[in-house]
Amino acid sequence: MRRDDCANCRRPALHNRVACAKCGMTRKSLAVLVIDENHIRASIIEAGLREAGHEQVTVVHDVAGIARRIAEIEPDVIVIDLENPNRDMLENMFQLSRVVKRPIAMFVDRSDQASIEAAVEAGVSAYVVDGLRQERVKPILDMAISRFNAFSRMARELEEARSELENRKVIDRAKGILMRSRGLSEDAAYTLLRKTAMSQNRKISEIAQSLVTAAGLLDPGES
14 MRRDDCANCR RPALHNRVAC AKCGMTRKSL AVLVIDENHI RASIIEAGLR EAGHEQVTVV
74 HDVAGIARRI AEIEPDVIVI DLENPNRDML ENMFQLSRVV KRPIAMFVDR SDQASIEAAV
134 EAGVSAYVVD GLRQERVKPI LDMAISRFNA FSRMARELEE ARSELENRKV IDRAKGILMR
194 SRGLSEDAAY TLLRKTAMSQ NRKISEIAQS LVTAAGLLDP GES
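Numbering (this note's numbering), first residue to last: 14 to 236.
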């Protein structure tokens, strides 16, 4: 994450690598890493990227140590071109896509249903079979970014929902402990948790978790 002024909402805003977290606007110029062992095909991709306005383009022809290179370059987006990939090469690239947490567009000349499904499972944002042409680079990159952002948003919302559910469970357990130990009603127990959280400048869920943990130490049956 980095902080700078968003050109769209005109105010300081946290950005992920490709878009403003507040307004969702994609940055116009991105740092793109192209992984391609074929120099001619790499030049086609690079030309398409520069035509689209992306001036920070790094081309890597040797995939050896590619994870280290990615850490050094820190690209916003990765484009992988595999002219005639074998199963091991595809799997290596799929493994890479699982860990880099960036939009990835992958071009291949041939594929099968199993490889397509593996690409989707690995988190490849755009998997294009027999479609490498300069004029297609920009729309495919845009699609990869859009899909990555949509998936990231869904994953974040799912995690927030899970966290909220866990917080509610902990708060309910804490209320139950207070109701039993102090003879309080449910509303009174929640009010006590809320007031304690406010006085300590903490979240209610944090106070609830502390209470549940302490109760578990005193009475293992409460944990």
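Even for Gly, the Cβ is constructed at its ideal location relative to N, Cα and C.
Extent of the continuous beta strand (DSSP E) run through residue i
i, result
"aspartate 200", "That residue, aspartate 200, is in no beta strand (DSSP E); its alpha helix (DSSP H) goes 199-212."
"alanine 118", "117-121"
"aspartate 94", "90-95"
"valine 70", "69-73"
Of the listed residues the options, nearest to residue i (C-alpha basis)
i, options, result
"aspartate 75", "Val121, Asn51, Ser42 and Glu59", "Asn51"
"phenylalanine 164", "Ala65, Asn99, Arg115 and Leu145", "Arg115"
"lysine 151", "Val47, Arg63, Ile53 and Asn99", "Arg63"
"asparagine 105", "Gly189, Val45, Ser212 and Ala132", "Ala132"
"glycine 78", "Lys41, Ile48 and Arg169", "Ile48"
"arginine 207", "Ser194, Gln69, Val142 and Asp185", "Asp185"
Extent of the continuous alpha helix (DSSP H) run through residue i
i, result
"leucine 62", "52-64"
"alanine 221", "217-231"
"valine 112", "100-113"
"alanine 44", "Note, alanine 44: premise wrong, no alpha helix (DSSP H); beta strand (DSSP E) at 44-49."
"alanine 80", "79-86"
Cβ-Cβ distance between residue i and residue j below 9 angstroms
i, j, result
"alanine 55", "valine 72", "yes"
Check whether the stretch 179-199 and the stretch 218-231 are in contact - that is, three or more C-beta pairs closer than 8 angstroms.
yes
Are the stretch 95-108 and the stretch 117-129 in contact at 8 angstroms, needing three or more beta carbon pairs?
yes
Could you name each continuous alpha helix (DSSP H) segment of 4 residues or more that falls completely within the stretch 136-207, going from the start of the chain to the end?
147-195
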